[in-house]
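Below: one structure, written as structure tokens.
In this note's numbering, the protein residues as written are 4 to 213.
Next up, the structure:
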């Protein structure tokens, strides 16, 4: 597949992205280094953030942005989805940065680690709301080195890193801590009645689908 890869520099590294025609966040993407987002031009894109010490060659970047699912076994069977309940539960268990360590799970081929923080438990109605999904995609464009997405249990922040690089893991842990700290005050809105969510999205000029 041929597509244009764009690049920008920021204080902690580089960001690469390409157009992504698929709709909405997908909880099955736990093992991707890339993530979906809506860019400043309101286009759906797939984003890949590299820290400053990584020297990603163009072909590697293109490959990581093009991948759809990582962690298939040799027999071609899809790996079981990691459960969001294994993460740190914000709201039920009080989450304070530094109190708990991020829990990591290795992919079947042992090449990558997935770390996840469960930010909020939400019902299917909220998770299926297109306005809410749009809101998550917009957040993803602003966040570096971490992804906000829907999973089976609710809304989670997660990262995927190479297992052999301790610096990647340390950076990812910092990113998860920062995301949890920033989004914790919004959890009440996420679990609010639909009419309250509609008001919130309306004030942010985000259309709410039915």
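All residues carry an ideal CB built from backbone N, CA and C; glycine is no exception.
One or two residues paired with residue i in a DSSP bridge
| i | result |
| --- | --- |
| residue 2 | Any property of residue 2 remains undetermined from this structure, which presents the chain solely from 4 to 213. |
| residue 16 | 13 and 54 |
| residue 65 | Beta-bridge pairing links residue 65 to no other residue. |
| residue 167 | Beta-bridge pairing links residue 167 to no other residue. |
| residue 137 | BP columns for residue 137 are empty, so no partner. |
| residue 59 | DSSP lists no partner for residue 59. |
| residue 47 | 41 |
| residue 158 | 123 and 153 |
| residue 22 | 48 |
Buried versus exposed, by CB contacts within 10 Å (16 or more), residue i
| i | result |
| --- | --- |
| residue 6 | exposed |
| residue 43 | exposed |
| residue 184 | exposed |
| residue 207 | exposed |
| residue 58 | exposed |
| residue 39 | buried |
| residue 148 | buried |
| residue 173 | exposed |
| residue 233 | Since the first residue of the chain shown is 4 and the last is 213, residue 233 is not available in this structure. |
| residue 79 | For residue 79, the pLDDT reaches just 39, beneath the cut-off of 50, and the residue's location in the model is therefore unreliable, leaving the point undetermined. |
Other residues of its chain near residue i: CB distance less than 7 Å, five sequence neighbours each side excluded
| i | result |
| --- | --- |
| residue 36 | 51, 67 and 163 |
| residue 60 | none |
| residue 113 | 166 |
| residue 3 | This structure cannot speak to residue 3, because the chain is shown only from 4 to 213. |
Expected contact under 8 Å - CB spacing of residue i and residue j to nearest Å
| i | j | result |
| --- | --- | --- |
| residue 156 | residue 121 | 6 Å |
| residue 117 | residue 161 | 6 Å |
Contacting residues, own chain, Cβ-Cβ under 8 Å from residue i (five flanking each side not counted)
| i | result |
| --- | --- |
| residue 55 | 15, 16 and 17 |
| residue 170 | 54 and 56 |
| residue 13 | 147 |
| residue 9 | 19, 20 and 21 |
Neighbourhood of residue i by C-beta distance below 6 Å, restricted to the same chain and skipping five residues each side
| i | result |
| --- | --- |
| residue 141 | 41 |
| residue 145 | none |
| residue 176 | 105 |
| residue 11 | 18 |
Does the segment 157–167 come within contact of the segment 106–120, defined as at least 3 CB pairs closer than 8 Å? Between the segment 157–167 and the segment 106–120 there are three or more inter-stretch CB-CB distances shorter than 8 Å, so the stretches are counted as touching.
Can at least three beta-carbon pairs, one atom from the segment 17–26 and one from the segment 42–56, be found at a separation below 8 Å? Touching, yes, given that three or more Cβ pairs across the two stretches are closer than 8 Å.
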